[in-house]
Amino acid sequence: MKLGFIGLGIMGRPMALNLRRAGHALWVHGRRPVTMEVLVEAGARACASAADVAANADIIFIMVSDTPDVEQVVSGEGGLMPRLRPGQVVVDMSTISPAVTRRLAQELLTRGVEMLDAPVSGGEAGAINATLSIMVGGKDKVFERVKPLFEVLGKNIVHVGDNGAGQVAKACNQIVVAVTIEAVAEALTFARRSGVDAARVRDALMGGFAGSRVMEVHGKRMLDNDFKPGFKVRLHQKDLRIVMENAHQLGLALPGAALVAQHLNALMGDDDGDLDSAAVVKVVQRMSGLDGK
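This is the structure in structure tokens:
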């Protein structure tokens with residue numbers, strides 16, 4: 009099968025490699041030529057633009073940072089739109105606005121091109137190990153066509169609903185993760201401020217109902233003051249911006265998500281955007297009279 013992959017960053021590059029290692033012909037494009045080198049070494053063909061990918065591939069994957077980036081790839085200068093043909097499928101695995109996703113799906117349909125939104129959860133490790141959770145929006149028949157490729161990339165693959173439903177599911181994921189990170193940060197700060205060994209508190213909590221993957225992974229990062237990014241603050245801030253924009257449009261109260269969004273904003277203002285989002289604990293500590301640096 010002829011595949012295309014656009015966006016070869018921390019997530020996209022290992023995902024594209026997994027597709028190539030599964031034996032698929034692959035055309036790739038990254039904004040920085042250096043990102044294509046490892047794919048070319050694996051047998052993929054480098055393209056100078058997204059349009060060149062569209063000219064060769066039957067199914068085109070996109071994995072870029074934000075809503076405007078996806079819009080640029082699809083319909084901007086050098087984008088997919090002019091070279092698309094009926095029967096192709098565009099699979100956007102970025103995390104972007106559900107409303108824009110629905111609009112792009114309609115625009116692509118005027119060319120006879122179907123779209124799936126398929127954002128992921130699992131971070132860089134999940135991308136490398138092909139264990140991502142993939143939340144998919146789009147038509148049943150299109151999902152079934154692409155599902156074998158999703159199975160190369162991830163383990164938990166759920167067709168949530170029509171176009172945009174995958175992005176809604178990802179927004180829900182980011183709400184839960186963000187608020188849980190905040191809860192872990194507050195709990196460990198409470199332990200420290202109370203003069204109790206926070207590491208032992210975490211050990212105790214891991215064995216009870218408060219135990220979670222966030223407590224395990226992000227809690228350890230907080231204790232070690234090790235914020236090498238698995239998922240950067242700037243990307244989590246972007247995701248919660250999408251959440252809050254949609255909440256505003258829907259008239260929804262999301263007080264927990266709004267609080268964490270502000271803490272992520274504070275980290276961005278402190279030039280900590282490239283740290284892991286577990287660095288939320290730094291904000292909580294500073295507000296609590298502890299050293300958050």
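Per my numbering, the sequence shown runs over residues 9 to 301.
The C-beta atom is built at its ideal place from N, Cα and C for all residues, glycine as well.
Bear in mind the structure is a predicted one, so any value in this text is a computation, not a measurement.
In summary, residue 129 is buried, with 16 or more beta-carbon neighbours lying within 10 Å of its beta-carbon over all protein chains present. Burial is judged here by how many other beta carbons sit within 10 angstroms of a residue's own beta carbon; residue 224 has fewer than 16 and is exposed. For residue 17, the three-state secondary structure derived from DSSP is coil. At the C-beta level, residue 288 and residue 298 stay beyond 9 Å of one another. Take residue 26, set aside five residues on each side of it, and the residues of its chain with a beta-carbon closer than 7 Å to its own are 138, 160, 161, in chain order. In the structure shown, the three-state DSSP call for residue 227 is helix. In this structure, DSSP gives residue 283 a state outside helix and strand, which the three-state scheme calls coil. Going by DSSP, residue 199 is part of the alpha helix (DSSP H) stretching over 173-201. Contact annotation: residue 42 and residue 68 have beta-carbon atoms that are not nearer than 9 Å.
Excluding sequence positions up to five before and after residue 248, its CB lies within less than 7 Å of the CB of 182, 186, 265, 268, 269, 272, all in the same chain and listed in chain order. Under DSSP, residue 125 shares a beta bridge with 100, 145. If only uninterrupted alpha helix (DSSP H) runs of at least 4 residues are considered, those enclosed by the stretch 18-52 are 20-29, 45-49. If you draw a straight line from the Cα of residue 36 to the Cα of residue 177, it is about 27 Å long.
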